[in-house]
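**Student:** Quick one: the structure is below, and I'll ask about it shortly.
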Amino acid sequence: MTTYLQAARADYTEERKGRFLYFWGDYPHWIVTNRIGKEILCMLVKGAALDDISEFYQRETDSSPKETAKDLETFLGPLVQVGVVYEKESPPVIPPVKTQFSVDTAAQNIASVVVNPTRACNFQCAHCYTDAKTPLPDELSLEEMISILQEIAPFMRGKILGFLGGEPLLRKEDVLKISEYWIRKVEGSASVSTNGSLIDSHFARKAASLKLAIQISLDGATPETCDAVRGKGSWKKALKGTKISVKNKASTWLCMVYHKGNFGELEDFISLGLELGVSGVRFIPYNYLGRGMSSDLVKIMPYQMVKKVHKILKKHPEWGDFIDQSFFGNISVILRSAPRYVYCGSGLSTLLIESNGDLYPCINLAYPEFRIGNLREITFEELWFHSPILRKIRSLCVEDANRKCAGCLIRYLCGMGCRSEIYELTRRLTLPVFFCESWKKAVREMCWILDEFPGLHKKVTDQRQTWTAQSESLVDENKVQPLIDQLQVIAREKNMKSEESSMKK
Numbered sequence: 021m022t023t024y025l026q027a028a029r030a031d032y033t034e035e036r037k038g039r040f041l042y043f044w045g046d047y048p049h050w051i052v053t054n055r056i057g058k059e060i061l062c063m064l065v066k067g068a069a070l071d072d073i074s075e076f077y078q079r080e081t082d083s084s085p086k087e088t089a090k091d092l093e094t095f096l097g098p099l100v101q102v103g104v105v106y107e108k109e110s111p112p113v114i115p116p117v118k119t120q121f122s123v124d125t126a127a128q129n130i131a132s133v134v135v136n137p138t139r140a141c142n143f144q145c146a147h148c149y150t151d152a153k154t155p156l157p158d159e160l161s162l163e164e165m166i167s168i169l170q171e172i173a174p175f176m177r178g179k180i181l182g183f184l185g186g187e188p189l190l191r192k193e194d195v196l197k198i199s200e201y202w203i204r205k206v207e208g209s210a211s212v213s214t215n216g217s218l219i220d221s222h223f224a225r226k227a228a229s230l231k232l233a234i235q236i237s238l239d240g241a242t243p244e245t246c247d248a249v250r251g252k253g254s255w256k257k258a259l260k261g262t263k264i265s266v267k268n269k270a271s272t273w274l275c276m277v278y279h280k281g282n283f284g285e286l287e288d289f290i291s292l293g294l295e296l297g298v299s300g301v302r303f304i305p306y307n308y309l310g311r312g313m314s315s316d317l318v319k320i321m322p323y324q325m326v327k328k329v330h331k332i333l334k335k336h337p338e339w340g341d342f343i344d345q346s347f348f349g350n351i352s353v354i355l356r357s358a359p360r361y362v363y364c365g366s367g368l369s370t371l372l373i374e375s376n377g378d379l380y381p382c383i384n385l386a387y388p389e390f391r392i393g394n395l396r397e398i399t400f401e402e403l404w405f406h407s408p409i410l411r412k413i414r415s416l417c418v419e420d421a422n423r424k425c426a427g428c429l430i431r432y433l434c435g436m437g438c439r440s441e442i443y444e445l446t447r448r449l450t451l452p453v454f455f456c457e458s459w460k461k462a463v464r465e466m467c468w469i470l471d472e473f474p475g476l477h478k479k480v481t482d483q484r485q486t487w488t489a490q491s492e493s494l495v496d497e498n499k500v501q502p503l504i505d506q507l508q509v510i511a512r513e514k515n516m517k518s519e520e521s522s523m524k525k
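Here the sequence shown is numbered in the numbering used here, starting from 21 and rising by one per residue.
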């Protein structure tokens, strides 16, 4: 029996040098293909028999029936899995994410928790998101922090713990003891983000033995650019801490907050990380938050960043895995995994525990109006399931927050993006990010980059757990087997006809 297939019409198409990008926003799904792939998609949009597609491919490529079946399985399989290609009489039903996502599933949905051991800091960085300086008067004891984490752990699926601040190493022994509890008792992973100035051999050795990852902030490849933002001597201190950490075999990462003043040093920054022997480097955008609102730093737009990193990768393709934890890597992972994000996941996938026990939805929404409650005064379970603040944030949805996001091509890959910066600027949670157009261009550009570098960040895509709220995937692997079976039938029939023809001759 002949199988008739249909394809959804792509929402966006683009051609570059004989390659063709197709993007379907509802699913979401994208491919970059050649002329033959384009012709097959054109056939499918009109509706086509699988036999005709097979015959077309075999004729165009001079492939054997067996090779044709295998190649079409590779090309059509992912499209069938997600529902872009379907049997002609059975179009897929694409449910809105709003109806699929329920806060009743909040149990065991947390991917990561961040703890601020202290609000004190020995640096005064110009872009500090939390304006850290002095400790809060009522900061939690070590025992209280561990007790709170014991409460939260059963509600986590990712069990990722991060230490921020303030400067967390002002309480370095507490950080080590909490990490030991978390990694060995909870069997989670932990990392600490530090300015590097307080790292010593004892801390680095202990971190290495625990597998506590150390991320060191270094905002430039030279002392001049880093010190201009983080204070005189900061680059030298961070470099010293990095060398101690690497020498003691701790998992060590460098992180640069990039802006107009240091963006030109990005390639040198990556090169410096390789020279120092760190595990990898991150580079993340400067945001208008905290002290960053009053600084004179200038933000770099996403498209600028993607274009620059693409240029670097052309020169150094071997650097791909070394930068997979960067903002650039985040975009490539999103495109590879193609989730259907509801919203950013603040207060559902992420939480912040402030140093005094106050609970917030995430590190960037630590405003008084988003204070969920204090974990000294009320249980985590009560706050997690019954907080009106969490209920409000979890009700955010890209499909109805605003008209622009609802109709956007990349709405489900974006989920409106991080809500903090637009909230800082407008005091509204539902508006599109102000760099929306650059973000869309960056995503489209990344499709072409992944076509050029097909292995880029595949490994980290498989390993990384989502940090956001997403609906049930549309991918259904069971849809592919009937396609494979039919392709094999077609291949066998063609082989039989070929053999019969040969016998007659």
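Beta carbons: idealized from backbone N, C-alpha and C, even for Gly.
Tell me the residue span of the alpha helix (DSSP H) that contains ILE399.
**Tutor:** For the purposes of this step, residue 399 is identified with residue 379 of the sequence shown, where counting begins at 1. The question names Ile, yet the displayed sequence has Thr at residue 399. For THR399, there is no enclosing alpha helix (DSSP H), since its DSSP letter is neither H nor E.
**Student:** What are the boundary residues of the alpha helix (DSSP H) that includes ARG448?
**Tutor:** Here residue 448 is taken as the residue at index 428 of the sequence shown, counted from 1. Taken as a continuous stretch (DSSP letters only), ARG448 belongs to no alpha helix (DSSP H), as it is neither H nor E.
**Student:** Measure the C-alpha to C-alpha separation of LYS37 and GLY349 and round it to an integer number of angstroms.
**Tutor:** In the sequence shown, counting from the first residue as 1, residue 37 sits at position 17. In the sequence shown, counting from the first residue as 1, residue 349 sits at position 329. If I take the Cα positions, the gap works out to 25 Å.
**Student:** Which class does GLY182 belong to by DSSP, given the choice of helix, strand or coil?
**Tutor:** Reading the sequence shown from its first residue, position 162 is the one you call residue 182. Note: GLY182 maps to strand in three-state DSSP.
**Student:** Starting from GLU472, follow the alpha helix (DSSP H) in both directions and report where the run begins and ends.
**Tutor:** As a working mapping, residue 472 is identified with position 452 in the sequence shown. First-last of the alpha helix (DSSP H) with GLU472: 456-472.
**Student:** Buried or exposed: where does GLU159 fall if 16 or more other Cβ atoms within 10 Å of its Cβ makes it buried?
**Tutor:** As a first step, residue 159 is located in the sequence shown; it is residue number 139 there, counting from the start. Under this definition GLU159 is a buried residue.
**Student:** Along the beta strand (DSSP E) that carries MET321, what are the first and last residues, could you check?
**Tutor:** Residue mapping note: residue 321 aligns to position 301 of the sequence shown, counting from 1. It is not in any beta strand (DSSP E) - MET321 carries neither H nor E in the DSSP assignment.
**Student:** Out of LYS517, ALA511, ASN515, point me to the one whose CA is closest to VAL92's CA.
**Tutor:** On the sequence shown, position 72 is the one that residue 92 refers to. Sequence check: residue 92 is Leu here, not Val. Per the Cα distances, ALA511.
**Student:** Taking DSSP's pairing of strands, which residues face TYR42 in a bridge?
**Tutor:** The sequence position of residue 42 within the sequence shown is 22, counting from 1. Bridge partners of TYR42: THR33, ILE51.
**Student:** Helix or strand or just coil, what does DSSP make of LEU305?
**Tutor:** Your numbering for residue 305 matches position 285 in the sequence shown. In the sequence as presented, Leu is not what sits at residue 305; that position holds Pro. In this structure, PRO305 counts as strand in the three-state DSSP scheme.
**Student:** Is the number of C-beta pairs between the region 304-324 and the region 440-447 that are closer than 8 Å three or more?
**Tutor:** yes
**Student:** Is DSSP giving THR81 helix, strand or coil here?
**Tutor:** Locating residue 81 in the sequence shown gives position 61, where the first residue counts as 1. If DSSP states are grouped into helix, strand and coil, THR81 belongs with the helices.
**Student:** For GLU244, is the classification buried or exposed, using 16 other Cβ atoms within 10 angstroms of its Cβ as the cut-off for buried?
**Tutor:** Translated into positions along the sequence shown, residue 244 becomes position 224. By the 10 Å Cβ count, GLU244 comes out exposed.
**Student:** Relative to the alpha-carbon of LEU184, which residue among GLN235, LEU385, ALA426, PRO112 has its alpha-carbon at the smallest distance?
**Tutor:** Taking the sequence shown and counting its residues from 1, the one referred to as residue 184 is at position 164. Nearest in C-alpha terms to LEU184, of all of GLN235, LEU385, ALA426, PRO112, is GLN235.
**Student:** Please report the straight-line C-alpha distance between TYR361 and ILE354, rounded to a whole angstrom.
**Tutor:** Taking the first residue of the sequence shown as 1, we reach residue 361 at position 341. Taking the first residue of the sequence shown as 1, we reach residue 354 at position 334. Cα-Cα distance, rounded: 10 Å.
**Student:** Please check the pair LEU429 and TYR32, which I expect to be a contact at CB under 8 Å, by giving their CB distance rounded to whole angstroms.
**Tutor:** Translated into positions along the sequence shown, residue 429 becomes position 409. Translated into positions along the sequence shown, residue 32 becomes position 12. Yes, LEU429 and TYR32 are in contact; Cβ-Cβ is about 6 Å, under 8 Å.
**Student:** Report, in whole angstroms, the separation of the C-beta atoms of PHE40 and THR23, which I expect to be a contact under 8 Å.
**Tutor:** Sequence index remark: in the sequence shown, residue 40 carries index 20 (1-based). Sequence index remark: in the sequence shown, residue 23 carries index 3 (1-based). With a Cβ gap of about 24 Å, PHE40 and THR23 do not count as contacting.
**Student:** Just to confirm, is the Cβ distance from GLY67 to GLN101 under 8 Å?
**Tutor:** The residue labelled residue 67 in the question sits at position 47 within the sequence shown. The residue labelled residue 101 in the question sits at position 81 within the sequence shown. No; because the gap between Cβ atoms is not below 8 Å, this pair is not in contact.
**Student:** What are the boundary residues of the beta strand (DSSP E) that includes LEU274?
**Tutor:** Translated into positions along the sequence shown, residue 274 becomes position 254. Element bounds for LEU274: 272-278.
**Student:** Going by C-alpha distance, which of ARG447, SER229, GLU419 is nearest MET436?
**Tutor:** Numbered from 1 along the sequence shown, position 416 holds the residue referred to as residue 436. Answer by Cα proximity: GLU419.
**Student:** The beta strand (DSSP E) that contains THR370, what's its start and end?
**Tutor:** Here residue 370 is taken as the residue at index 350 of the sequence shown, counted from 1. First-last of the beta strand (DSSP E) with THR370: 370-373.
**Student:** Figure out for me which residue from ALA152, GLY377, ILE383, ILE343 has the closest Cα to the Cα of CYS364.
**Tutor:** Counting from 1 along the sequence shown, the entry for residue 364 is found at position 344. Checked all of ALA152, GLY377, ILE383, ILE343; the closest Cα to CYS364 is ILE383.
**Student:** Quick check on DSSP: helix, strand or coil for THR486?
**Tutor:** For this step, residue 486 is matched to residue 466 along the sequence shown. For THR486, the pLDDT reaches just 45, beneath the cut-off of 50, and the residue's location in the model is therefore unreliable, although a value from the coordinates is still provided. Coil.
**Student:** Less than 8 Å between the C-beta atoms of TYR323 and ALA462, yes or no?
**Tutor:** Counting from one through the sequence shown, the residue named residue 323 turns up at place 303. Counting from one through the sequence shown, the residue named residue 462 turns up at place 442. Going by C-beta atoms, TYR323 is nearer than 8 Å to ALA462.
**Student:** By how many angstroms is the C-alpha of ILE373 removed from the C-alpha of ASN136?
**Tutor:** In the sequence shown, the residue the question calls residue 136 occupies position 116. In the sequence shown, the residue the question calls residue 373 occupies position 353. Taking the straight line joining both Cα atoms gives about 6 Å.
**Student:** Counting C-beta neighbours from all protein chains within 10 Å, is the total for LYS192 16 or more, i.e. buried, or is it exposed?
**Tutor:** Taking the sequence shown and counting its residues from 1, one reaches residue 192 at position 172. Buried, because 16 or more other Cβ atoms sit within 10 Å of the Cβ of LYS192.
**Student:** Per DSSP, what are the beta-bridge partners of GLY300 in this structure?
**Tutor:** Numbered from its first residue, the sequence shown carries residue 300 at position 280. Beta-bridge pairing links GLY300 to TRP273.
**Student:** Please state the DSSP three-state secondary structure of TYR363.
**Tutor:** Taking the first residue of the sequence shown as 1, we reach residue 363 at position 343. Reduced to three states, the DSSP call for TYR363 is strand.
**Student:** Counting Cβ pairs, one atom from each stretch, are 3 or more of them under 8 Å apart for the region 260-267 and the region 159-171?
**Tutor:** no
**Student:** Just list the residues that DSSP pairs THR214 with in beta bridges.
**Tutor:** Within the sequence shown, residue 214 is the residue found at index 194, counting from 1. Beta-bridge pairing links THR214 to ILE236.
**Student:** Once you ignore the five residues that flank MET176 on each side, which residues in its own chain have a CB closer than 6 Å to its CB?
**Tutor:** Mapped onto the sequence shown, residue 176 falls at position 156. ILE130.
**Student:** Are there 16 or more other CB atoms within 10 angstroms of the CB of MET466, so buried, or fewer, so exposed?
**Tutor:** Your numbering for residue 466 matches position 446 in the sequence shown. Looking at its Cβ environment, which holds 16 or more other Cβ atoms inside 10 Å, MET466 is buried.
**Student:** Taking Cβ positions, are LEU416 and LEU379 nearer each other than 8 Å?
**Tutor:** Along the sequence shown, read from residue 1 onward, the residue named residue 416 stands at position 396. Along the sequence shown, read from residue 1 onward, the residue named residue 379 stands at position 359. Not a contact, by the Cβ cut-off of 8 Å.
**Student:** Assuming the contact rule is C-beta atoms closer than 8 Å, VAL249 and ALA146 should be a hit. Round their C-beta distance to whole Å, please.
**Tutor:** Numbered from 1 along the sequence shown, position 229 holds the residue referred to as residue 249. Numbered from 1 along the sequence shown, position 126 holds the residue referred to as residue 146. Contact holds; Cβ gap of about 5 Å.
**Student:** So is TYR387 buried or exposed if we call it buried at 16+ other beta carbons inside 10 Å?
**Tutor:** Residue numbering aside, residue 387 sits at position 367 when the sequence shown is read from its first letter. The residue in question, TYR387, is exposed, as its Cβ has fewer than 16 Cβ neighbours within 10 Å.
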